[in-house]
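**Student:** Provided herewith is a single structure, encoded as C-alpha cells, for subsequent inquiry.
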Amino acid sequence: MTTPEPQPVYLGGPRFQSDPAELYREMRRDHGPVAPVVLDGDVPAWLVLGYRELHQVTSDPQLFSRDSDLWNQWDRIPADWPLLPMIGRKQPSILYTVGERHRQRAAVISDALESVDPFELKGHAERFADELIDGLCSRGSCDIVGEYAMLLPLRVLARIYGFSDEQGPGLVTAMNDMINGREGALDGQRHLAESMYALLAAKSAEPGPDVASRMLANTAGFTVDEIAQDLMVMMAAGHQPTADWIGNSLRLMLTDDRFAASLAGGRHSVGEAMNEVLWEDTPTQNVAGRWTTRDTHLGGRRIGSGDLVLLGLAAANGDPHVRTDAGALTGGNNAFFSFGHGEHRCPFPAQEVAEAIARTGIEVLLDRLPDVDLAGPAAELTRRPSPWLRGLSALPVTYTPTPALGATP
0 MTTPEPQPVY LGGPRFQSDP AELYREMRRD HGPVAPVVLD GDVPAWLVLG
50 YRELHQVTSD PQLFSRDSDL WNQWDRIPAD WPLLPMIGRK QPSILYTVGE
100 RHRQRAAVIS DALESVDPFE LKGHAERFAD ELIDGLCSRG SCDIVGEYAM
150 LLPLRVLARI YGFSDEQGPG LVTAMNDMIN GREGALDGQR HLAESMYALL
200 AAKSAEPGPD VASRMLANTA GFTVDEIAQD LMVMMAAGHQ PTADWIGNSL
250 RLMLTDDRFA ASLAGGRHSV GEAMNEVLWE DTPTQNVAGR WTTRDTHLGG
300 RRIGSGDLVL LGLAAANGDP HVRTDAGALT GGNNAFFSFG HGEHRCPFPA
350 QEVAEAIART GIEVLLDRLP DVDLAGPAAE LTRRPSPWLR GLSALPVTYT
400 PTPALGATP
C-alpha cells in the first residue's frame with residue numbers, strides 16, 4: 000500500500016503568526032527541502048526550505064531568474080490579486096532587472112550608500128531616536144513597535160537620501176500606510192512617489208552630499224525613473240525589516256535571561272541579540288521570488304519551466320543539516336540568509352546602514368529607559384499574520400518616567 004503524497008501547504012493563515020518555525024519543521028518532514036505550496040487563489044509555487052538548496056537557487060541566476068515575465072501562471076492571475084504588490088509583473092526597478100544591467104544598478108546603489116559617513120549616520124540615528132523617546136519618556140509606558148521602532152528607520156533613511164527633516168514624519172506615515180495595505184495604502188504609495196520625484200528634481204538642480212545626488216551623478220546612464228524606483232525600493236526594504244529587527248531584538252532581550260546584562264546597563268549583548276534574531280527570528284521570512292528558465296530538479300523535486308520558487312530564508316536558517324545545535328547562541332556567525340544571497344542579495348552597504356540604525360535605536364532606548372520591562376506576560380505578545388515579514392503587532396513596555404532631554408527638572 001503506497002502512502003499518499005502530502006498535500007501542498009497554504010502559505011498564509013494563523014500558523015505564520017503563532018509558530019512558523021514549527022510549521023517549517025513539519026513541511027520539511029513531510030516534503031523535504033523543497034515543499035509545494037499554494038498562495039491566495041490556489042496559485043501553486045515552491046518554497047525552498049533547505050539551506051543548501053537555497054544557496055543553489057540564489058547562486059544560479061541563469062536557471063532561477065528574477066524575471067517575473069517567465070511565470071507560467073499569469074493567465075490565471077486576476078488584476079486584483081492581493082499578492083500582486085509582492086509578486087508583481089516586472090517593474091522598472093532593480094528588483095526585476097537581471098544580468099549585467101542588474102549588476103550595474105547594484106553598483107550604483109552600493110557606491111551611493113558606501114559614501115554615507117558612518118559617524119554622520121550614527122549621529123542622525125541618535126538624534127531621531129532621542130527625539131522619539133523625548134515624546135515617550137515622561138509617560139512611563141509605551142508601545143515600542145508602534146511608537147518607536149516603526150518610526151525610526153525611515154526618518155534616518157530619508158535624511159541620508161536627501162530629504163529635509165521636516166519631510167521625514169510625512170514620509171514615515173506614507174510608508175507605514177503603504178506597508179499596512181489598508182485604505183491609506185494607495186495614498187501612501189502616491190505620496191512616496193511624488194516626494195521622490197520632487198527630491199530628484201531638486202537634487203538635479205542643486206546637488207548635495209546625499210544618496211540621491213550621488214545616484215544622479217553616476218555616469219552609468221540610468222534614467223530618473225530608474226533612480227526613483229530604486230530609491231523607493233531601498234526605502235521600503237530598509238524601513239520595515241529594520242523596524243522589525245529593532246522590535247524582535249528588544250523582545251528577545253526583554254524575555255530571555257541570557258540577555259539580562261544588557262538591561263542592567265551594559266551594551267555587550269546588544270550585537271549578540273541582534274545576530275541571534277537574524278538566525279532565529281529574522282524579520283524577512285520568505286521572499287518572492289525566482290522563476291525557472293527551464294525544467295530542472297531541486298531538492299528531489301521536478302520544477303517545471305516558469306514555476307515560481309519562493310526563498311524560505313527563515314526555514315533555511317533553521318535547517319538542522321547546518322544548525323546541528325539550534326539551541327546554542329550563534330555568536331558572531333553571519334552565515335544566515337536574512338539579507339538574501341547571490342547577486343540579488345541586499346547590498347552590503349545597505350546592510351551596514353540597517354545594522355547601524357537598528358543597533359543605535361536599541362542602545363539609545365536602553366540608555367534612556369534603563370529599567371524598561373514588559374507591560375504584560377511574554378506569552379501575550381502577538382505577531383503580524385504574514386508569511387513574508389515577521390514582526391510584532393505591538394511591544395508594550397513600562398519604565399520609570401523621566402524628563403525629556405534638555406527639559407527643566
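331 is the number that numbering that gives the first Met the number 0 gives to position 332 of the sequence shown; each next residue is one higher, with no gaps. No residue lacks a Cβ here, since even glycine has one placed at the ideal position from N, Cα and C.
(1) With a threshold of 6 Å on Cβ separation, who are the neighbours of Arg-300 within its own chain once the five nearest residues in sequence on each side are excluded?
(2) Kindly indicate which three-state DSSP category Gly-31 falls into: helix, strand or coil?
(3) Ignore the nearest five residues each way along the sequence and tell me which others in Val-286's own chain have a CB closer than 8 Å to its CB.
(4) Go through its chain and collect everything with a Cβ distance to Arg-158's Cβ below 6 Å, but skip five positions before and after it.
(5) What is the DSSP secondary structure of Pro-240, reduced to helix, strand or coil?
(6) So, helix, strand or coil for Ala-189, using DSSP?
(7) So, is Glu-165 buried or exposed, given that buried needs 16 or more other C-beta atoms within 10 angstroms?
(8) Is Pro-384 near the ligand MG, in the sense that its beta carbon is under 6 Å from a heavy atom of that ligand?
(9) In chain order, what residues of the same chain lie with their CB nearer than 8 Å to the CB of Leu-129, ignoring the 5 residues before and after it?
(10) Kindly give me the distance between the Cβ atoms of Val-155 and Ile-356, rounded to whole angstroms, as I take these residues to be in contact under 8 Å.
(11) Could you check which residue in Trp-278, Thr-359, Leu-394 has the C-alpha nearest to that of Ala-20?
(12) On a Cα-Cα basis, can you pick out the residue from Val-210, Val-321, Gly-270, Pro-348 that is closest to Gly-360?
(13) Should His-320 be labelled buried (16 or more other beta-carbon atoms within 10 Å of its own) or exposed?
(14) Under a Cβ-count criterion, where at least 16 other Cβ atoms within 10 Å of its own Cβ denotes burial, should Met-17 be classed as buried or exposed?
(15) Secondary structure at Ala-403, three-state DSSP: helix, strand or coil?
(16) In chain order, which continuous runs of the beta strand (DSSP E) of length 3 or greater are located wholly inside the segment 134 to 215?
(17) If we ignore side chains and look at the alpha-carbon of each, how far apart do Ser-248 and Pro-282 end up?
(18) Considering His-320, what are the terminal residues of the beta strand (DSSP E) in which it resides?
(19) Compare the C-alpha of Gly-305 against each of Glu-275, Trp-73, Glu-205, Ala-192 and name the closest.
(20) Tell me the start and end of each unbroken beta strand (DSSP E) in the segment 34 to 106 that is at least 3 residues and wholly inside, in chain order.
**Tutor:** Looking at the coordinates:
(1) Val-33, listed in sequence order.
(2) Secondary structure of Gly-31 (DSSP, three-state): coil.
(3) Once the five neighbours on either side are set aside, the close Cβ partners of Val-286 are Leu-309, Leu-310, Leu-312, Gly-339, Trp-387.
(4) The answer, listed in chain order, is His-123.
(5) Correct three-state label for Pro-240: helix.
(6) Per the sequence presented here, residue 189 reads as Arg, with Ala not at that position. Three-state DSSP puts Arg-189 in a helix.
(7) Exposed, by the Cβ-count rule.
(8) Looking at this structure, you won't find the ligand MG or any other ligand, since it has none at all.
(9) According to the sequence as given, residue 129 is Asp; it is not Leu. Result list for Asp-129: Val-363, Arg-367, Leu-404, in chain order.
(10) 5 Å between Cβ atoms; contact.
(11) When only C-alpha atoms are compared, the closest one is Trp-278.
(12) The shortest C-alpha separation from Gly-360 is found at Gly-270.
(13) Residue burial annotation: His-320 is exposed, with fewer than 16 other C-beta atoms found within 10 angstroms of its C-beta.
(14) In the sequence as presented, Met is not what sits at residue 17; that position holds Ser. Exposed, by the Cβ-count rule.
(15) Looking at Ala-403 - three-state DSSP - the assignment turns out to be coil, as it is neither helix nor strand.
(16) Runs found: 140 to 142.
(17) One C-alpha to the other measures close to 10 Å.
(18) If you look at His-320, you'll find it isn't in any beta strand (DSSP E); DSSP assigns it neither H nor E.
(19) Comparing Cα positions, the closest option is Trp-73.
(20) Taken in chain order, the whole beta strand (DSSP E) runs of length 3 or more contained in the segment 34 to 106 are 42 to 47.
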